[in-house]
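Q:
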Amino acid sequence: MIARTHDLASFTALSAVFFLTVPNGLTLSTVIVALIANIIGGITPDIDQPTAPFWRNLPIGKYFGRAFGMLTGGHRFLTHSFIGVAIAAFLVWNFLRFLSPIIPTVDIFIVWISFLIGVLSHLFMDMFTKEGVPLLLPIPIKFGFPPLKRLRITTGKKLEMYIVIPLLIALNVYLYLLFYGDVVTFLHSIKL
Ligand SMILES: [Zn+2]
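Residue numbers (our numbering): 114 to 305.
Put into structure tokens, the structure is as follows:
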């Protein structure tokens, strides 16, 4: 899946959890940082790819990306497994705890959860691609849906561009219209 699809999927997953839990009384800074963390989480598993947007935006990112890819076993390996998610969860939680004294108005737990929702949505979306994902590493099986590879999506091709992306957008529009009342209540409850 391309980065735009992952951004959208992360946001959709975050919205779904939001509508299930309808949190209230969050600070504005928590909401903003959580949204950014969610999008970052959604593309994080692809840091094992030298061409990942994550690395492309750094001047010598290509080389770091390549080195990082080798360290994590190449594309769609460690970062696309539950062990990888657990390592990322641990590192990001400690990073947020380290930052928390300088960002006292940010609820780091909400930010952390939003990041993880992004990461998990990435693995979920990649399951629909031909390559599949090695969720249960070190067990070297790549999982995909549907199980028949032929029926899965090729990254960046028409099916992703003209079906998956519009479907995700439609799902968001549908969710926000359906739970419009909750959105208004939530927005009113935001503290500065
Ligand atoms: Zn991926």
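Think of the CB as a built atom: it goes at the ideal place given N, C-alpha and C, for glycine as much as any other residue.
1) Do D120 and ligand 1 come close, with the Cβ less than 6 Å from some heavy atom?
2) Using a Cβ-Cβ cutoff of less than 6 Å, which residues in the same chain neighbour T267 once the five nearest sequence positions on both sides are dropped?
3) Do I223 and T157 come within 7 Å of each other at the CB atom, strictly closer than that value?
4) Using the Cβ count rule (16 or more neighbours within 10 Å means buried), how would you classify N207?
5) Taking the CB atoms as reference points, tell me whether G93 and S234 lie closer together than 7 Å.
6) Looking only at its chain, what residues have a beta carbon closer than 8 Å to the beta carbon of T118, apart from the 5 residues adjacent to it on each side?
7) Do H188 and Q162 count as a contact pair if the criterion is CB distance below 7 Å?
8) Look at G245 and G257 and say whether their C-beta atoms are less than 7 Å apart.
9) Any heavy atom of ligand 1 closer than 6 Å to the Cβ of P92?
10) Can you look up K304 in the DSSP assignment and give me helix, strand or coil?
11) Assuming F228 and A150 make a contact with CB atoms under 8 Å, what is their CB distance in whole Å?
A: A quick look at the data gives this:
1) As a working mapping, residue 120 is identified with position 7 in the sequence shown. No; taking the cut-off as 6 Å, the Cβ of D120 has no heavy atom of ligand 1 nearer than that.
2) Taking the sequence shown and counting its residues from 1, one reaches residue 267 at position 154. Here the set comprises K243.
3) Translated into positions along the sequence shown, residue 157 becomes position 44. Translated into positions along the sequence shown, residue 223 becomes position 110. Not closer than 7 Å, so no.
4) What you label residue 207 is simply residue 94 of the sequence shown in a count that begins at 1. That one is exposed.
5) No information on residue 93 is available, as it lies outside the stretch 114 to 305 that the chain covers here.
6) As a first step, residue 118 is located in the sequence shown; it is residue number 5 there, counting from the start. The answer, listed in chain order, is M238, E273, V277, I278, L281.
7) As a first step, residue 162 is located in the sequence shown; it is residue number 49 there, counting from the start. As a first step, residue 188 is located in the sequence shown; it is residue number 75 there, counting from the start. Closer than 7 Å, so yes.
8) Walking along the sequence shown from the start, residue 245 turns up at place 132. Walking along the sequence shown from the start, residue 257 turns up at place 144. Taking 7 Å as the Cβ cut-off, G245 and G257 qualify as a contacting pair.
9) The displayed coordinates of the chain run from 114 to 305. Any statement about residue 92 would go beyond what the structure contains.
10) Within the sequence shown, residue 304 is the residue found at index 191, counting from 1. Note: K304 maps to strand in three-state DSSP.
11) Position 115 of the sequence shown holds residue 228. Position 37 of the sequence shown holds residue 150. Contact flag correct, Cβ pair sits at about 4 Å.
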